[in-house]
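Beneath this line is the structure, given in structure tokens, with notes to follow.
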Ligand SMILES: [Zn+2]
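Residue numbers (the numbering used here): 63 to 218.
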């Protein structure tokens, strides 16, 4: 997924039961956080490996983190923001699974599983992704988020 992680977090935040700033903030941060590994990918590893093999894109890492963090957050009265954060993380990973590939079986198997393979039809991979039908899903997420945002503004 190239562009729709942030609006997907917004949609998730709007669908959460408690619509408070902490819940929306947790959803927005969680929806974007795994892609922070792009910094390491570009500036340290110089693009040697697919960034989806780094720990921020590994579901088992976040599952363990959720198992540890959610009871502590619940104890501190922050269960809903915590759930929003981890739901957004797994939403990010699910959306990346459409065409990018995620190692869902790691640490036992590091195969990157993707629902669709985007063929490299154009000179730059970004153009291949932008002109592939899966990009329509991103457009749909943007439209959904915009409709929710504009509907909220109209109601206010
Ligand atoms: Zn990602």
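All C-beta atoms, glycine included, are put in the ideal place defined by N, C-alpha and C.
Does the beta-carbon distance from residue i to residue j come in below 9 angstroms?
{"i": "residue 132", "j": "residue 145", "result": "yes"}
{"i": "residue 75", "j": "residue 90", "result": "yes"}
{"i": "residue 86", "j": "residue 154", "result": "no"}
{"i": "residue 168", "j": "residue 73", "result": "no"}
{"i": "residue 84", "j": "residue 134", "result": "no"}
Residue i: beta carbon under 8 angstroms from a heavy atom of ligand 1?
{"i": "residue 154", "result": "yes"}
{"i": "residue 96", "result": "yes"}
{"i": "residue 158", "result": "yes"}
{"i": "residue 162", "result": "yes"}
{"i": "residue 63", "result": "yes"}
{"i": "residue 194", "result": "no"}
{"i": "residue 104", "result": "no"}
{"i": "residue 112", "result": "no"}
{"i": "residue 186", "result": "no"}
So what does DSSP say about residue i, is it helix, strand or coil?
{"i": "residue 72", "result": "helix"}
{"i": "residue 64", "result": "coil"}
{"i": "residue 97", "result": "helix"}
{"i": "residue 108", "result": "coil"}
{"i": "residue 91", "result": "helix"}
{"i": "residue 80", "result": "coil"}
Rounded to the nearest angstrom, how far is the Cβ of residue i from that of residue j, given a contact under 8 angstroms?
{"i": "residue 148", "j": "residue 128", "result": "4 angstroms"}
{"i": "residue 161", "j": "residue 180", "result": "5 angstroms"}
{"i": "residue 114", "j": "residue 164", "result": "6 angstroms"}
{"i": "residue 151", "j": "residue 92", "result": "5 angstroms"}
{"i": "residue 69", "j": "residue 95", "result": "At roughly 15 angstroms, the Cβ-Cβ gap does not stay under 8 angstroms, so residue 69 and residue 95 are not in contact."}
{"i": "residue 142", "j": "residue 78", "result": "7 angstroms"}
Unbroken alpha helix (DSSP H) runs of length 4 or more, entirely within the stretch 118-206: which are they?
-> Restricting attention to alpha helix (DSSP H) runs no shorter than 4 residues, the stretch 118-206 encloses them at 121-137, 141-161, 187-192, ordered along the chain.
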